[in-house]
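Presented below is the structure to which this report refers.
In our numbering, the protein residues as written are 9 to 230.
Below, the structure written as structure tokens:
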């Protein structure tokens, strides 16, 4: 089970530690955190991030978003902007959610590979994946990361589906397990799986080994 973290005033922060791996291990606690926009953080929230041992914040928002709603870590060595979207991209917001995801995956594989390498190349410590709501861009990169290191797909889908959207965020398509399972199936059918997808897009086997090593728990649990 993932743990909800208290980073005021963010509302969708989860530590993915504890998710199972197919080899019998689990994701290390604090190794990978998913979050909504860190520009909402209070001073106490910023302190909580620092206390969590975070070494890299991978901000998946566009350059425009980062400039308009800057993260409190923008000038910190921890912060790295790896835009998964750009305002110049074609507007697909009226499409069904899976179709929005499919277009991102098919049209911009290099962006996903950049996000994966940013995690793999991070200094020792925890990595935070963040976007605006912590749902779509963060959800996609999180699911891809989990698939690459061997988290079972039912566990990936369950985590994706529990995204903690509050009533203060109306108008968002709620995530469902079926949506992310369709995404993973699309990667299988069109690219030969998540590993082949990111390798074709520019990641290396060294990156994937690093990803598994840094996120996997040392003491394997049955």
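Idealized CB from N, CA, C, for every residue including glycine.
None of the values given here were measured: they were computed from a predicted structure.
Cutoff 6 Å; reference residue i; Cβ partners in own chain excluding five residues on either side
i           : result
residue 200 : none
residue 4   : No information on residue 4 is available, as it lies outside the stretch 9 to 230 that the chain covers here.
residue 100 : 108 and 111
residue 136 : 41, 43, 62 and 65
residue 187 : 105 and 106
8 Å CB neighbourhood of residue i in its chain, flanking five on each side removed
i           : result
residue 191 : 106, 109, 110, 113, 148 and 151
residue 175 : Only weak support is given to the placement of residue 175: the predicted model assigns it a pLDDT of 39, under 50, and the value that follows is read from those uncertain coordinates. Cβ neighbours of residue 175 beyond the five flanking positions: none.
residue 177 : Reliability fails at residue 177, whose pLDDT of 48 lies under 50, so the model's placement of it is uncertain and no value is given.
residue 16  : 49, 50, 52, 53 and 56
7 Å CB neighbourhood of residue i in its chain, flanking five on each side removed
i           : result
residue 94  : 70
residue 160 : 28 and 30
residue 81  : 46, 65 and 87
residue 130 : 63 and 64
Member of the options whose CA lies at the smallest distance from the CA of residue i
i           : options               : result
residue 120 : 76, 153, 52 and 64    : 153
residue 189 : 182, 30, 168 and 99   : 168
residue 156 : 28, 11 and 21         : 28
residue 76  : 46, 213 and 104       : 46
residue 133 : 218, 139 and 20       : 218
residue 21  : 35, 44 and 186        : 44
residue 23  : 98, 138 and 88        : 138
residue 185 : 164, 205, 197 and 204 : 164
residue 158 : 224, 196 and 72       : 224
residue 124 : 92, 162 and 78        : 92
residue 193 : 72, 220, 207 and 162  : 162
Exposed unless 16 or more other CB atoms sit within 10 angstroms - verdict on residue i
i           : result
residue 215 : buried
residue 146 : buried
residue 202 : buried
residue 86  : buried
residue 64  : buried
residue 83  : exposed
residue 10  : buried
residue 98  : exposed
residue 213 : exposed
Beta-carbon spacing of residue i, residue j below 9 Å
i           : j           : result
residue 222 : residue 126 : no
residue 60  : residue 38  : yes
residue 25  : residue 42  : no
residue 89  : residue 115 : no
Requested in this report: Go through the stretch 27-104 residue by residue and report every complete run of the alpha helix (DSSP H) that reaches 4 residues or more, in order.
Outcome: 51-59 and 71-76
Query - Completely contained alpha helix (DSSP H) runs for the stretch 133-185, where each covers 4 or more residues - result: 145-157 and 161-169
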